[in-house]
Structures are given as C-alpha cells and as structure tokens.
Amino acid sequence: MIPLQLAALLMVGLAGTTVVLMRDPLRMTILNAVYALTLTILFLVFQAPDVALSMLVVGGIAYPIVLLAAIARVRSGGDE
Amino acid sequence: MNRRARIAVFAVAAAGLAALLVASVVDLPAFGHYQGAYGNQLNREAVAERHTTNVVTATVFDYRGFDTLGEEFILFAAVVGVTLLLRRHKDSEDHQEVLRKADDDRVRSDAIRIVGLLAMPALFLLGLWLVAFGLVTPGGGFQGGVLLAGSLFVVFLAAGFRPYAHLTPAHWADSAEGSGAAAFTLLGLGPLLAGAAYLHNFLGSGVRGTLESGGSMTLLNWATAVEVTAAMVLLFSEFLESYVLPSVRPLQ
Numbered sequence: 001m002i003p004l005q006l007a008a009l010l011m012v013g014l015a016g017t018t019v020v021l022m023r024d025p026l027r028m029t030i031l032n033a034v035y036a037l038t039l040t041i042l043f044l045v046f047q048a049p050d051v052a053l054s055m056l057v058v059g060g061i062a063y064p065i066v067l068l069a070a071i072a073r074v075r076s077g078g079d080e
Numbered sequence: 081m082n083r084r085a086r087i088a089v090f091a092v093a094a095a096g097l098a099a100l101l102v103a104s105v106v107d108l109p110a111f112g113h114y115q116g117a118y119g120n121q122l123n124r125e126a127v128a129e130r131h132t133t134n135v136v137t138a139t140v141f142d143y144r145g146f147d148t149l150g151e152e153f154i155l156f157a158a159v160v161g162v163t164l165l166l167r168r169h170k171d172s173e174d175h176q177e178v179l180r181k182a183d184d185d186r187v188r189s190d191a192i193r194i195v196g197l198l199a200m201p202a203l204f205l206l207g208l209w210l211v212a213f214g215l216v217t218p219g220g221g222f223q224g225g226v227l228l229a230g231s232l233f234v235v236f237l238a239a240g241f242r243p244y245a246h247l248t249p250a251h252w253a254d255s256a257e258g259s260g261a262a263a264f265t266l267l268g269l270g271p272l273l274a275g276a277a278y279l280h281n282f283l284g285s286g287v288r289g290t291l292e293s294g295g296s297m298t299l300l301n302w303a304t305a306v307e308v309t310a311a312m313v314l315l316f317s318e319f320l321e322s323y324v325l326p327s328v329r330p331l332q
C-alpha cells in the first residue's frame, strides 16, 4: 500500500466517523457529502475513475438534494 | 426490556459481529492481489474485442448489458414511485399555490445569480462530455446523466423554482424517462427479433479511441443518459415542490 492510498483510507474512516457522531440532520447531510468526496478520492487513488465519478455525482448531487428537501419538509411540519 | 438487558443483548450481538468481521478480514486476499479471473480477462480482451478503451463501460453496456437493463428499471420504478406519491395535479389549487409561494422564494442575490449563470452551462457541457466520451474515457450515461440533471438543478439554486420548473416541464421529463428506458429495452430486443443474440452490437466495433468506437453501445449509452437525466430531474422536481409547499398533502 502506498502512502497516498493509506492517507485516502484514513480520510474515509475519519469522515465516516464524523457523519456517525453528528446528531443534527442538516449538518449530517453536509458531512455526508464530504464523506462522499473522501470516497471519491479513495476510488480515484485506487485507480477506479468510473466508480469515483459515480460516487461524486450520487454522493455530491443526487443524495444531498433529496435529503435536504426531505429535511426541509419534515422541519416545516410535514403533512399537518 | 430494561437498560441492563438491552446492553447484554447488544454485547452478545456485537461479539458475534466482531468475530465474523475478524474471520472475513483474515480470509481476504493480500492487499493488491486481485483474484477475479473475469476482470483480468476483460482487461486483456475488451479493447481488442469491442474497440472501447473504457473497459468499464464495455462491461456495463455489453458483457453485462442485461444486468444494466435491470438497473435501468430499478431507477425507473423508484422514480415512478416518488412521482406517484408526491406529484400534484398541474391544474390543482395546490400547484398554483406552489408557483405563488415559489415567487416569494426566488433568489435575489446578484452574486449567486451570476455564479449560477456561469456554472450552469459549464456543468451542462461537462455532463455532455462525460456521456459522449463514456466509451473512450471514464464516465458514461449514468454519471453524465446525473451531472446534466445537476446542472439544471443549479437553475433552482441560482434563480428559483419557477425558472427551474419552466426549464424542465414535467411532460418532457416524463416522456424522456420512459423513452430512455424503452430505447434501452428495444436496443436489446431488436437484435433478438433479427435472429441475433440479446444486445447484439449491430453497428460493428468502430475505430478504437474515438467517438466512433463501441458501435451500438453508443446508442445504449445515450439512452441511459436520457433516462438518468430525466429520472433525476423528475426526482428533484417532486422533492422541490414538497420543499416549496410542504404543508399540503400531495394526494387528495
């Protein structure tokens, strides 16, 4: 394992832990997007650029948008 | 169940999980020693056989094309489900209310509008590039499609809901999503009717390393891009309507 790969793995572990420890859903969504970014870097470092691109668009665009809209809806009282 | 009992149950489960994890990690192949024969074989042969320099896309649209058909329909079914649950009728009072509230919510900051105006076409172009060169370099219909939809979402971020809704009319997104999924299916079934194998590449392999490579995989790639873009746009639209007007029940 080269140092770059080790650093990428450690970053994923660190970012993943912060997502779990954060209790506020809004901040958690942002941290989760950062976590997705570290995974993107991990896949890139391990020479899987296609997977990295998929991770980037899903974790950076699609998933946070859906989560944020859902959080906004729940916070404003939902179906009442 | 009191706290002590819960912790006792958790301790047993955690010990079991830890044992299984350790057992599986010990049995992993050594780091860097990939053992999948199929992957190595594809890496050796795909470029010569299919003339696509991106082996991943050749795997997705050719060697494992049937799996991708299933994935297309997983996405299709998921988005149809979201639409059924969340969509308000376009002439309904709710929908008019969404548009009225959206006007109050529009973006007024010049800085955000200008950054959005600059970012949107750049992201759109990058999305098209990812799709177009999916068979040559990393990327493809799925990644490019999500990015294309994301670039349209920038319109919401930088301008507001009404311009976004204006740019992505629901009837266009609906038919694009269906057409993309249908095109993928027909490109697979067409060769069957002509007596060839399912997803048979009827356009030949083309020239290696150019946009002409991959033959009918190019069509599958663009069909996927259309479906994914439309699916994401629909998903964003339905969730955004719920964001703009959260207090009304979508199903009446």
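Line by line, the protein sequences give chains A and B. Take the first sequence: its letters are residues 1 to 80, numbered as in the numbering used here. Take the second sequence: its letters are residues 81 to 332, numbered as in the numbering used here. Glycine included, every Cβ here is placed at the ideal spot set by N, Cα and C. None of these values were measured; they are calculated from a predicted model.
Excluding sequence positions up to five away, which residues of its chain have a Cβ less than 7 Å from the Cβ of residue i?
i, result
"A33 (chain A)", "G59, G60, P64"
"D183 (chain B)", "R242"
"E80 (chain A)", "In this prediction, E80 (chain A) has a pLDDT of 43, which is less than 50 and means its spatial position is unreliable; nothing more can be read from the coordinates."
"G286 (chain B)", "H131, E292, S293, G294, G295"
"A199 (chain B)", "V234"
Are the C-beta of residue i and some C-beta of chain B separated by less than 7 Å?
i, result
"M3 (chain A)", "Contrary to the premise, residue 3 (chain A) reads as Pro rather than Met in this sequence. With 7 Å as the cut-off, P3 (chain A) does not count as an interface residue toward chain B."
"V66 (chain A)", "yes"
"I61 (chain A)", "yes"
"P25 (chain A)", "no"
"A15 (chain A)", "no"
"A72 (chain A)", "yes"
"V57 (chain A)", "yes"
Kindly say whether residue i, judged by its beta-carbon, lies nearer than 7 Å to any beta-carbon of chain A.
i, result
"Q332 (chain B)", "Note that Q332 (chain B) scores 44 on pLDDT, short of 50, meaning its location in the model is unreliable and no value can be drawn from it."
"V198 (chain B)", "The question names Val, but residue 198 (chain B) in the sequence shown is Leu. So, not an interface residue."
"Q223 (chain B)", "yes"
"G230 (chain B)", "yes"
"L97 (chain B)", "no"
"S293 (chain B)", "no"
"V89 (chain B)", "no"
"L227 (chain B)", "yes"
"Y323 (chain B)", "yes"
"V102 (chain B)", "no"
"F236 (chain B)", "no"
"V136 (chain B)", "yes"
"L314 (chain B)", "no"
"F146 (chain B)", "no"
"F204 (chain B)", "no"
"G219 (chain B)", "yes"
"V111 (chain B)", "The sequence shown places Phe at residue 111 (chain B), not Val. Taking Cβ atoms only, chain A reaches closer than 7 Å to F111 (chain B), which makes this a yes."
"A94 (chain B)", "no"
Given this structure, state the Cα-to-Cα distance separating residue i from residue j, to the nearest angstrom.
i, j, result
"L56 (chain A)", "L44 (chain A)", "11 Å"
"F115 (chain B)", "L122 (chain B)", "Looking at the sequence shown, residue 115 (chain B) is not Phe but Gln. Near 13 Å, if we compare the C-alpha coordinates of L122 (chain B) and Q115 (chain B)."
"S231 (chain B)", "F204 (chain B)", "5 Å"
"A93 (chain B)", "A99 (chain B)", "10 Å"
"S274 (chain B)", "S296 (chain B)", "Residue identity differs from the one stated: residue 274 (chain B) is Ala in this sequence, not Ser. Distance between the alpha carbons of A274 (chain B) and S296 (chain B): 15 Å."
"W209 (chain B)", "V195 (chain B)", "21 Å"
"S76 (chain A)", "V235 (chain B)", "24 Å"
"N134 (chain B)", "H113 (chain B)", "22 Å"
"A103 (chain B)", "F90 (chain B)", "20 Å"
"G225 (chain B)", "L266 (chain B)", "20 Å"
"R27 (chain A)", "T18 (chain A)", "10 Å"
"M1 (chain A)", "L37 (chain A)", "21 Å"
"A138 (chain B)", "A277 (chain B)", "16 Å"
"Q223 (chain B)", "G207 (chain B)", "8 Å"
"E173 (chain B)", "R73 (chain A)", "19 Å"
"E129 (chain B)", "D147 (chain B)", "20 Å"
"A70 (chain A)", "I87 (chain B)", "33 Å"
"S175 (chain B)", "A62 (chain A)", "The question names Ser, but residue 175 (chain B) in the sequence shown is His. Spanning the two alpha carbons is a distance of roughly 24 Å."
"Y143 (chain B)", "V66 (chain A)", "32 Å"
"T163 (chain B)", "P109 (chain B)", "44 Å"
"E307 (chain B)", "N301 (chain B)", "10 Å"
"T248 (chain B)", "L101 (chain B)", "47 Å"
"L81 (chain A)", "V324 (chain B)", "An answer regarding residue 81 (chain A) cannot be provided, because it is not within the stretch 1 to 80 covered by chain A."
Cutting at 8 Å between CB atoms, please list the residues of its own chain near residue i, excluding the five before and the five after it.
i, result
"G240 (chain B)", "A182, D183, D185, R186, V187"
"P49 (chain A)", "F43"
"A250 (chain B)", "R167, K170, L314, S317"
For chain E, check one thing: does any of its Cβ atoms lie closer than 7 Å to the Cβ of residue i?
i, result
"A69 (chain A)", "In the displayed structure, chain E is absent; the protein chains listed are A and B."
Quick one: residues in its chain with C-beta nearer than 6 Å to the C-beta of residue i, no 5 flanking neighbours on either side, listed in chain order?
i, result
"L42 (chain A)", "A8, V12"
"L331 (chain B)", "Because the pLDDT at L331 (chain B) is just 49, under 50, the model does not fix this residue reliably, and the value given afterwards should be weighed accordingly. Cβ within range, chain order: n/a, list empty."
"A303 (chain B)", "G260, A263, F264"
"A305 (chain B)", "V211, G221, G224, G225"
"L10 (chain A)", "none"
"Y35 (chain A)", "A15, G16, V19"
"R124 (chain B)", "none"
Say whether the segment 291-310 of chain B touches the segment 213-220 of chain B, bearing in mind that this needs 3 or more beta-carbon pairs closer than 8 Å, one atom from each stretch. yes
Touching by the beta-carbon criterion (3+ pairs, under 8 Å), the segment 314-323 of chain B and the segment 227-245 of chain B: yes
So, does the segment 246-259 of chain B touch the segment 267-282 of chain B, judging by three or more C-beta pairs under 8 Å? no
With a threshold of 8 Å, are at least 3 pairs of Cβ atoms found where one atom belongs to the segment 144-164 of chain B and the other to the segment 305-319 of chain B? yes
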